[in-house]
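Chains as they are written, first to last, in our numbering: chain A, 1 to 203; chain B, 1001 to 1177.
Each residue gets a CB set at the ideal place from its N, CA and C atoms; glycine is no exception.
Working notes, structure below.
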Amino acid sequence: MPLDSPPAAVPEPDLSTSVIRSPPGLLELFLAFAKMSLAGFGGVLYWARRGIVDQHHWMTADEFNETYALCHFLPGPNIVNLSMVFGSRIRGIAGGVAAFAGLLAPPTAIITILAALYARYGEIDALRRILAGVSCAAVGLLIATVLRMMTPLIKRRDVIGLVLLVAVLVAIGLARLPLQTVLLVAIPISLAVTVYMRRRISA
Amino acid sequence: MNPDGNPIWTLIWTFGLMSLFAVGGANAAIPEMHRIAVDVRHWMTDKQFADIFAISQLTPGPNVLIVTLIGYAVAGVAGALAATLAMCVPTAALAYYVSGLLGRSGHSRWPSIIQAALVPLSIGLMAASGLILAQTTDRSVVAIVMTVATAMLAFATRLNPFWMLLAGGLLGFAGVI
């Protein structure tokens, strides 16, 4: 979609009324998210924070955290949600679409080309070996992310959280149960436990 | 390949639904993608799934783009676009709607409670992703060592992940792994 319909260049308030942070135009939003996205190997969040908070000063660090927290709590790819929420807060729905398109269109084009190359040359031995090596490293990266996210749970001895974590790991990773089934059981349990624990702490 | 009609609709239906259940983001949804693409629909083999995971990690951009590769494998460029949009548009629309509801301040405490409740679940899902992918990928001692070494390095340092992927690729090319 966004490939053949780049966001129309919108009349931007070009007289840079740079009071604190002039809100970016649609094209600027598109380009900024395209840049963050293309910089992001193994995840875009780091670059999104850098671009939005540090470089462009479009949001304070707190505003960014708050926006990201919302996007993290919603289902779906967090960074995609973030592009939509951020863009729309700045320029309405058109801004959301511009940021969304900037985030997704360039890497989607690249990965589609790679997909075509893989479909054609995927059986070549040298490529198979390279991909096998990359897969090993990629799985390692994923495990590192899991360890990083687990650290706070371990530090505050969140036994219930860790039990839930392992239960989901076993249900999905070993028993290979469908996601919906597992979540329909796990989410209510986890919610009930969280509410109960918070009540007990505040009581 | 597609027992029930147009593969594009199957992709849209599959990923559109999945996106609304994908708590914890794209990496947490990998086991479900694997289950559907390999076990349920037989769109690809275990090995091919590990390959496209590697390709998606090698490509800049959001991790969710692994669905683009699944879509391409099923129905070419149209499939790639359909899968990508189906995975991204519904949740982006939901995010837009909820963000509008909550406004800037977000007074309600429910988002924070729900978020706290989802954290262990989404880590569990990502751990399951790692387990499932490791079962396909780590078939030799050297491969296991490579995975563990990368995990340790990425956990303990701030090194750009791209270099570790590159190292894996080079070692693979040299025939070590």
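The residue from B:I1036, B:I1030, B:I1008 and B:T1068 with its alpha-carbon nearest to that of A:L142 is B:I1030. For B:D1138, the three-state secondary structure derived from DSSP is coil. Look at B:I1055: its C-beta is under 7 Å from a C-beta on chain A.
For B:A1080, at least one C-beta of chain A is nearer than 7 Å to its own C-beta. Where B:Q1048 is concerned, the enclosing alpha helix (DSSP H) starts and stops at D1046 to L1058.
Neighbours of A:S37 in chain B, taken as residues whose beta carbon is under 9 Å from its own, are P1060, G1061 and P1062 in chain order. In this structure, DSSP gives A:D158 a state outside helix and strand, which the three-state scheme calls coil. Under the 7 Å criterion on CB atoms, A:P188 is classed as non-interfacial with respect to chain B.
In terms of Cβ geometry, B:M1164 and B:N1027 do not form a close pair [threshold 7 Å]. With contacts defined by Cβ atoms closer than 7 Å, A:L153 and A:G95 do not form a contacting pair.
A straight line joining the alpha-carbon of B:W1009 with that of B:I1144 spans about 39 Å. Remark: three or more beta-carbon pairs, one from each stretch, lie closer than 8 Å, so the stretch 112-130 of chain A and the stretch 1064-1080 of chain B are flagged as touching. The distance from the Cβ of B:T1091 to that of B:L1020 is about 7 Å, consistent with a contact at the 8 Å cut-off. Between B:M1152 and B:I1177, the C-beta spacing is not below 7 Å. Against chain A, the beta carbon of B:G1130 has neighbours under 7 Å at V139, L142, I143 and V146, listed in chain order. For the stretch 1116-1128 of chain B, the set of residues with a beta-carbon nearer than 9 Å to any beta-carbon of chain A comprises A1116, A1117, L1118, V1119, P1120, L1121, S1122, I1123, G1124, L1125, M1126, A1127 and A1128, in chain order. For the stretch 1031-1056 of chain B, the residues whose beta carbon sits under 8 Å from a beta carbon of chain A are, in order, P1031, E1032, R1035, D1039, Q1048, A1050, D1051, I1052, F1053, A1054, I1055 and S1056.
Using a Cβ distance threshold of 7 Å, B:G1169 and A:G133 count as a contacting pair. Annotation: the continuous alpha helix (DSSP H) that includes B:W1009 extends over P1007 to F1021.
Under the Cβ criterion (8 Å, minimum of three pairs), the stretch 80-89 of chain A does not count as touching the stretch 1126-1142 of chain B.
The beta carbon of B:V1119 lies closer than 7 Å to none in the same chain, with the five residues before and after it left out.
Sorting B:L1133, B:A1174, B:P1161 and B:V1148 by C-alpha distance to the C-alpha of A:R176 places B:L1133 at the top. Contact check for B:V1064 against B:M1087 passes: the beta carbons are separated by less than 7 Å. Counting along the chain, B:F1162 sits inside the alpha helix (DSSP H) bounded by residues P1161 to F1173. At a cut-off of 7 Å between beta-carbon atoms, B:S1019 makes contact with chain A. By a beta-carbon distance limit of 8 Å, B:T1150 does not contact B:K1047. Their separation comes to about 20 Å. Here the C-alpha atom of A:I130 lies approximately 14 Å from the C-alpha atom of A:V139. In summary, A:Y196 is exposed, with fewer than 16 beta-carbon neighbours lying within 10 Å of its beta-carbon over all protein chains present.
D158, I160, G161, L162, V163, L164, L165, V166, A167, V168, L169, V170, A171, I172, G173 and L174: these are the residues of the stretch 155-175 of chain A whose beta carbon lies less than 9 Å from some beta carbon of chain B, given in chain order. In summary, the residues of the stretch 93-120 of chain A whose CB is separated from some CB of chain B by less than 8 Å are I93, G96, F100, L103, L104, P106, P107, T108, I110, I111, T112, L114, A115, A116, Y118 and A119, in the order they occur in the chain. Taking a beta-carbon distance threshold of 7 Å, A:V185 does not count as an interface residue toward chain B. Of all alpha-carbon atoms in B:V1067, B:N1160 and B:M1044, the one lying nearest the alpha-carbon of B:T1014 is that of B:V1067. Counting along the chain, A:G87 sits inside the alpha helix (DSSP H) bounded by residues N78 to Y121. Per the coordinates, the alpha-carbon of B:G1124 lies some 9 Å from the alpha-carbon of A:A171. At least 7 Å separates the beta-carbon of B:P1060 from that of A:G173.
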